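FYI, the UniProt record's numbering numbers position 105 of the sequence shown as 105, with every residue one higher than the one before it.
Cβ atoms here follow ideal geometry from the backbone N, Cα and C, with glycine treated the same way.
Nothing here was measured: the structure is a model prediction, and the numbers come from that model.
Down below is the structure, laid out as structure tokens.
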Amino acid sequence: MSLGCKMIVVAFVVLFFCDGKEFKELNEELDDHSNYIDKFPCDKPQPRTFYLKDIVSKDDWNKKYKKQIPKIRPLYTILHRCEGSGGCSKYGEKCIVNETKIVKLAYNMGLSRRIELFEVKNHTSCKCDDSTNDSRIK
Numbered sequence: 001m002s003l004g005c006k007m008i009v010v011a012f013v014v015l016f017f018c019d020g021k022e023f024k025e026l027n028e029e030l031d032d033h034s035n036y037i038d039k040f041p042c043d044k045p046q047p048r049t050f051y052l053k054d055i056v057s058k059d060d061w062n063k064k065y066k067k068q069i070p071k072i073r074p075l076y077t078i079l080h081r082c083e084g085s086g087g088c089s090k091y092g093e094k095c096i097v098n099e100t101k102i103v104k105l106a107y108n109m110g111l112s113r114r115i116e117l118f119e120v121k122n123h124t125s126c127k128c129d130d131s132t133n134d135s136r137i138k
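In structure tokens, the structure reads:
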């Protein structure tokens with residue numbers, strides 16, 4: 001059964017079993033929900049928290065940084081991501097990265113006051129795409 005048919009069936013059931021007041025309240029809830037999700041379109045990446053462990057390779061983390069973590073500052077950074085940031089209007093599509101920009105993040109590596117720069121990808125725009133597409137930029 002298509003999504004449109006399912007919505008018609010749900011609307012019929014609601015109309016048949018609910019009085020006018022209940023239907024109006026349910027309709028207001030539906031409108032509120034729809035208006036809320038409209039605030040999160042797929043095209044805009046959303047900010048996410050990442051710790052140093054999240055942005056360096058597992059090997060580098062274990063060899064270089066794991067023991068220093070209590071002294072490293074800042075403790076985390078904010079990067080923008082497309083995954084889970086917005087919805088797509090077609091069933092089966094997912095919000096994926098469309099464009100990225102390399103950003104440099106400076107970290108104070110502890111008591112030595114050594115500063116290291118890390119280059120990471122920041123998502124700058126997103127798009128809806130068929131969820132079976134595996135050619136995604138991570």
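- From the listed residues N98, T77, F118, the smallest Cα separation to R48 is found for T77.
- Look at Y91 here: in three-state DSSP terms it is coil, with no helix or strand label.
- Counted as a single uninterrupted DSSP element, the beta strand (DSSP E) harbouring D130 occupies residues 115-130.
- Taking the Cα positions, E116 is about 17 Å away from N62.
- Going by beta carbons, C126 and C82 fall inside the 7 Å limit.
- Counting along the chain, L79 sits inside the beta strand (DSSP E) bounded by residues 76-81.
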